[in-house]
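Accompanying notes for the structure given below.
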Amino acid sequence: MFNMSVPWWELMLRGVVVYAFLLVFLRLTGRRQIGQYDPFDLILLLILSNAVQNSMNGGDNSLIGGLISALTLIGCHLLVSRVAWRSPRVARLIDGRPKVLIRAGQLDASTMRAERLTVDDVHAALRAAGCLHTHEVERATIETNGQITVVPRNRDSARGLPDLPPV
16 MFNMSVPWWE
26 LMLRGVVVYA
36 FLLVFLRLTG
46 RRQIGQYDPF
56 DLILLLILSN
66 AVQNSMNGGD
76 NSLIGGLISA
86 LTLIGCHLLV
96 SRVAWRSPRV
106 ARLIDGRPKV
116 LIRAGQLDAS
126 TMRAERLTVD
136 DVHAALRAAG
146 CLHTHEVERA
156 TIETNGQITV
166 VPRNRDSARG
176 LPDLPPV
């Protein structure tokens, strides 16, 4: 239980390498993987966590080894989040930037492709915002956390009627 078969520094090094790999992997797979978990995505994450476990512990199943690995991952996370908080450039590198999916009722197919979103994903976000069609949307943006924010058009302008001045 307390006897480690791998040196502590190797467990830490393995944890840092796996953390960096997963951070890059999840960043490259698109925001949909981060913000919108459906059963398919959840299964992938569970299998992925099981797959990297052995590479992190190097065969060491001791309690101390597990705690060192866990503390290493938590430390990596705290370090990356602190650096991202202090540096907007690092934050953009890690989190990316929000991207516009719909502008003035027009769907941007290239952004959908880049973010691996289906038409059904976008329509579900529109329905959640109370819109049934893209022409009812002034702007829809996929945020850095994977959520889709929808700004509806003025109902009169969506029907082709001029906007009335406020009273």
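Okay, so the sequence shown: first residue is 16 according to this note's numbering, each after it adds one.
Using N, Cα and C, we set each Cβ at its ideal position, and we do this for glycine too.
In this text, all values refer to a predicted model and were calculated from it rather than measured experimentally.
Subject >> Any 3 or more C-beta pairs closer than 8 Å across the region 146-154 and the region 96-104 >> reply: Segments in contact, no.
Subject >> Residues near ALA106 by beta carbon distance below 6 Å, same chain, minus five either side >> reply: Locating residue 106 in the sequence shown gives position 91, where the first residue counts as 1. For ALA106, same chain residues with a beta-carbon under 6 Å away, outside a window of 5 residues either side, are ALA99 in chain order.
Subject >> Runs of beta strand (DSSP E) wholly within the region 96-129 (minimum 3 residues, chain order) >> reply: Counting only runs of 3 or more residues that sit fully inside the region 96-129, the beta strand (DSSP E) segments are 114-118, in chain order.
**OP:** Sort out for me which residues DSSP pairs VAL31 with in a bridge.
**Re:** For the purposes of this step, residue 31 is identified with residue 16 of the sequence shown, where counting begins at 1. Answer is none; VAL31 lacks a bridge partner.
Original post:
Mind checking whether GLY80 and LEU26 have CB atoms under 7 Å apart?
Top reply: Stepping through the sequence shown from its first residue, residue 80 is reached at position 65. Stepping through the sequence shown from its first residue, residue 26 is reached at position 11. Going by beta carbons, GLY80 and LEU26 fall inside the 7 Å limit.
Subject >> Cutoff 7 Å; reference SER70; Cβ partners in own chain excluding five residues on either side >> reply: As a position in the sequence shown, residue 70 is number 55, starting the count at 1. Setting aside the 5 residues that flank it on each side, SER70 is surrounded in the same chain by ARG29 and VAL33, each with a C-beta closer than 7 Å to its C-beta; the list follows chain order.
Original post:
Looking only at its own chain, which residues have a Cβ that is under 6 Å from the Cβ of ALA144, when we skip the five neighbours before and after it?
Top reply: On the sequence shown, residue 144 is found 129 positions in, with the first residue counted as 1. Contacts found: VAL165.
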